[in-house]
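For reference, the structure is listed below as structure tokens.
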Amino acid sequence: MVSLTERAAVPAHVLVRILDRESVLLNLDTEQYFGLDETGTRMWQLVTASPNIEAAYQELLAEFDVEPEMLRSNLMELLTRLVDNGLLQVIPADVGTVPAI
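Just so we're aligned, residue 21 is where the sequence shown starts under the working numbering, counting upward by one.
Okay, structure coming up:
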């Protein structure tokens with residue numbers, strides 16, 4: 021299950037191409053491709069660039085006129101499907117960070 025406290029990472033076996041606000045994701049291991057519409061592409065961009073999924077969720081709330089629970093539900097559904105298809109991995113937000121001294 022995906023958590024807002026985790027961060028998202030694109031696996032090495034996934035190729036991503038954004039084409040005019042939509043995107044195509046290719047899983048090189050399974051040779052299956054998936055398409056994301058404009059909203060899904062924006063979710064992908066923010067989730068993969070943010071320090072955690074919560075930060076991406078907050079940015080999406082600011083960008084879209086949507087009920088918070090509807091956005092949370094749609095975002096989690098998309099991320100779960102991407103993870104289940106090997107197109108995204110979620111890891112603890114603090115993995116790969118350097119602790120402060």
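Each residue gets a CB set at the ideal place from its N, CA and C atoms; glycine is no exception.
Residue i classed as buried or exposed, judged by whether at least 16 other C-beta atoms fall within 10 angstroms
i, result
"Y53", "exposed"
"T50", "exposed"
"M21", "exposed"
Test item: CB-CB of residue i and residue j under 9 Å
i, j, result
"V67", "A28", "yes"
"L95", "A82", "no"
"I73", "L24", "yes"
"V86", "E26", "no"
7 Å CB neighbourhood of residue i in its chain, flanking five on each side removed
i, result
"V36", "V30, S43 and L45"
"L61", "For the record, residue 61 in the displayed sequence is Thr; it is not Leu. Cβ neighbours of T61 beyond the five flanking positions: I38, R41, E42 and S43."
Cβ-based neighbour list, residue i, same chain, cut-off 6 Å, excluding 5 preceding and 5 following
i, result
"S70", "A76"
"V118", "Only weak support is given to the placement of V118: the predicted model assigns it a pLDDT of 43, under 50, and the question is left unresolved by the model."
Cβ neighbours of residue i in the same chain (closer than 8 Å, five flanking residues each side left out)
i, result
"H33", "N47, L48, D49 and G106"
Exercise. Determine contact between the region 91–111 and the region 39–51, defined as no fewer than three beta-carbon pairs at a distance below 8 Å.
Key: yes
Quiz item: What are the complete beta strand (DSSP E) segments, minimum 3 residues, inside the region 39–66?
Solution: 42–47 and 52–56
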